[in-house]
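Undergrad:
In our numbering, the protein residues as written are 15 to 725.
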């Protein structure tokens, strides 16, 4: 018959105390967890004195411990395979094993934990887990971090919007190395990369490869998120990283303290620490946790440490670590990623994954999708695009895709990982962040500043903070508030901003900058139904840089009636204020009447579109099979042909004609987009597009006072 009491062995009591300390509990709290009214049994338990058997079981359960590993001289009837394994397993005596055997033993015992931590992914908006190897693609890294390079802002201002998105990639192609090669080359690494660039998955890939013996074959992988340690440290500031790691070993039934000690002192652990920037919400906690990490890395420097971080902040540096940055995906990587994605997720519905991935890549390469191409260089956006394409068999409306992408960057990605980045400054939550990005986007875009200095960000932060704080706040209080928000922005700008060179920023994606501007315009329209925000937008009608913003705004408005009417009015104003343009339209109108039955043949179109002034590399030529059924498209083509055939026209007049053509093309693009326009307004605009008599009658009073010009 089993005795009614049990007591902890010396090693068991020590193990229980470590777990008790790790949890940060008091003896009173543990007693309440166990369901006893006094803490005397708790004290006796830790002292190695006998206590009632069932209380012993409950205490061990509360501490997440196997009672057989804690008990001294457990009754024979409770001895099972677990006790037998522990008693006979040489893990209890690692000093009797060769070091390589210890590595293999620990790998074997931690295999399930590593597979659970790193081998299985739960992707956003996917209802089932997926094996990492099924979708993983190799990542590349650069050794010279752009944000640490001294480049003048004047060296960057000449870049076109579509070149900005590929700025980093174009500059670093010759200096890329595989991520795994970077670890082998440098040992201790801080891997930098914006949100969704693949940092965490890269670490998990390293863990899986290491555990399988295909990478760092003489080491044991230890993957951890620093946020998890910080959460435990918050409740028990006596906790040390060594104890935290020991707990990881205990969960894999590796209880002998000499096992971890031997591996650490011989440098046989590959530490993979994810997210050292994810503890920045609490400045004091951040400082203490990072110092603990630094002490641990210094003490056990023989081991290999790879960390990840979104930004290259100096305060997040670790001594002896080399910075590398994950590069944007190139075309081959995007294609490989799409093949793997569709190959894996097409199995459920029985579709041909290879065929769908081929269709995906073909549509991605279309000229009108050039902005999608720039976003696909980020794995997070590639996953989002593949997911939507898999459901819809086509690319989504741009505004819808940008909204989903923005949601991922600023909150959804963090939410999925259990993070809250809205604690940095009271009142500066998600709406205020979105407003800040929109203000910066509009301010810099209107000035033509694709690249801007940090002071521009600071000025907008100051304005935002002043709007949130009491107008009677002391200057020092206001300064401290601005500093708090600035720290937040620099440490967690969510991948929207990129530091292209030291102190020089731009939006990571021109598409997101344009979306922020359109979002601000639409919000302004809701707040000011008088249409002031749309009227301000229409002043940019002839500026090609703003054309994408017009299209985004049109697709985001509940009704685009006001916008397209204002655009038509602005086009008519161009005619009224340019006698040359009015006379040209009269000439073109007469010429079109003389050639009414003429339809454009392929030779004429080829000649016409070879003209640099009239071509747009980001605008697709319409389907000419539909032109004969669309009078406004025919008239637009006739105008384009007339402009191309004009001779002896100076540059200023040519620019007037080009601007007029582009404005009409943009209006037609808006009408043909997904925007909501009342049918009567649509029909009126289409019927009178480029109609000389309509323009003339609408503005006869204005144009009658203007002198005619030679055409």
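Beta carbons are placed, not taken as given, at the ideal position from N, Cα and C, and that holds for glycine.
1. So is residue 309 buried or exposed if we call it buried at 16+ other beta carbons inside 10 Å?
2. Check the DSSP bridge columns for residue 47 and list the partner residues they point to.
3. When you compare only the Cα positions, how much space is there between residue 9 and residue 76?
4. Please report the straight-line C-alpha distance between residue 139 and residue 210, rounded to a whole angstrom.
5. Do residue 262 and residue 236 have their beta-carbon atoms positioned less than 8 Å apart in this structure?
6. Measuring CA to CA, which of 253, 597 and 578 is closest to residue 693?
7. Can you have a look at residue 147 and say buried or exposed, based on whether 16 or more other CB atoms are within 10 angstroms of its CB?
8. Three or more C-beta pairs under 8 Å: does that hold for the region 286-303 against the region 314-331?
9. Please list the terminal residues of the continuous alpha helix (DSSP H) segment that includes residue 153.
10. Residues bridged to residue 234 by DSSP?
11. Less than 8 Å between the CB atoms is what I'm expecting for residue 451 and residue 510, so what's the real figure, rounded?
12. What residue from 232, 425 and 416 has the CA that sits closest to residue 570's CA?
13. Excluding the 5 residues flanking residue 42 on each side, which residues of the same chain have their C-beta closer than 8 Å to its C-beta?
14. For residue 315 versus residue 359, is the C-beta distance shorter than 8 Å?
15. Can you have a look at residue 342 and say buried or exposed, based on whether 16 or more other CB atoms are within 10 angstroms of its CB?
16. Would you kindly report the start and end of the unbroken alpha helix (DSSP H) that includes residue 126?
17. Since residue 515 is in the beta strand (DSSP E), which residue starts that stretch and which ends it?
18. By how many angstroms is the C-alpha of residue 21 removed from the C-alpha of residue 29?
19. So, does the CB of residue 373 fall closer than 8 Å to a CB anywhere in chain B?
20. Give every residue of the same chain whose Cβ lies closer than 8 Å to the Cβ of residue 280, excluding the five residues on either side of it in the sequence, and list them in chain order.
21. With a threshold of 16 other CB atoms inside 10 Å of the CB of residue 493, please say whether the residue is buried or exposed.
22. Tell me the DSSP secondary structure of residue 21 in three-state form.
23. Please confirm whether residue 151 and residue 354 have their CB atoms less than 8 Å apart.
24. Terminal residues of the continuous alpha helix (DSSP H) containing residue 482?
25. Rounded to a whole number of angstroms, what is the C-alpha to C-alpha distance between residue 142 and residue 370?
26. Could you say if the region 239-249 and the region 373-382 meet the contact criterion of at least three C-beta pairs nearer than 8 Å?
27. Would you call the region 406-421 and the region 553-573 in contact, with 3 or more CB pairs under 8 Å?
28. For residue 621, which residues from the same chain have a beta carbon less than 7 Å from its beta carbon, with the 5 sequence-adjacent residues on both sides left out?
29. Between the alpha carbons of residue 428 and residue 422, how many angstroms are there, rounded?
30. Do the region 661-676 and the region 546-562 meet, that is, are 3 or more Cβ pairs less than 8 Å apart?
31. Please state if the CB of residue 48 and the CB of residue 69 are separated by a distance shorter than 8 Å.
TA: Taking the definition as stated:
1. By the Cβ-count criterion, residue 309 is exposed, with fewer than 16 other Cβ atoms from all chains shown falling within 10 Å of its own Cβ.
2. Answer is none; residue 47 lacks a bridge partner.
3. Lying before the first or after the last residue shown, residue 9 is absent from the chain, which here runs from 15 to 725.
4. 15 Å
5. Cβ atoms of residue 236 and residue 262: closer than 8 Å.
6. 578
7. exposed
8. The count of Cβ pairs closer than 8 Å, one atom from the region 286-303 and one from the region 314-331, reaches three, so the stretches are in contact.
9. It is not in any alpha helix (DSSP H) - residue 153 carries neither H nor E in the DSSP assignment.
10. 283
11. Indeed they touch by this definition, with Cβ atoms about 6 Å apart.
12. 416
13. 53
14. no
15. Residue 342 comes out buried.
16. Note, residue 126: alpha helix (DSSP H), 113-128.
17. 511-515
18. In this model, residue 29 and residue 21 are separated by some 13 Å (Cα to Cα).
19. Considering every chain present, this structure includes no chain B. It has just one protein chain.
20. 113 and 316
21. exposed
22. In the structure shown, residue 21 sits in coil (DSSP, three-state: anything other than H, G, I, E or B).
23. yes
24. 468-482
25. 20 Å
26. no
27. Contact between the region 406-421 and the region 553-573 is present, because at least three Cβ pairs lie under 8 Å.
28. Bear in mind that a pLDDT of 30 at residue 621, under 50, signals an unreliable position, so the number given afterwards is only what the model happens to contain. Excluding residues within five positions, none has a Cβ falling inside 7 Å.
29. Each residue's CA atom was taken as its position, placing residue 428 and residue 422 some 8 Å apart.
30. yes
31. yes
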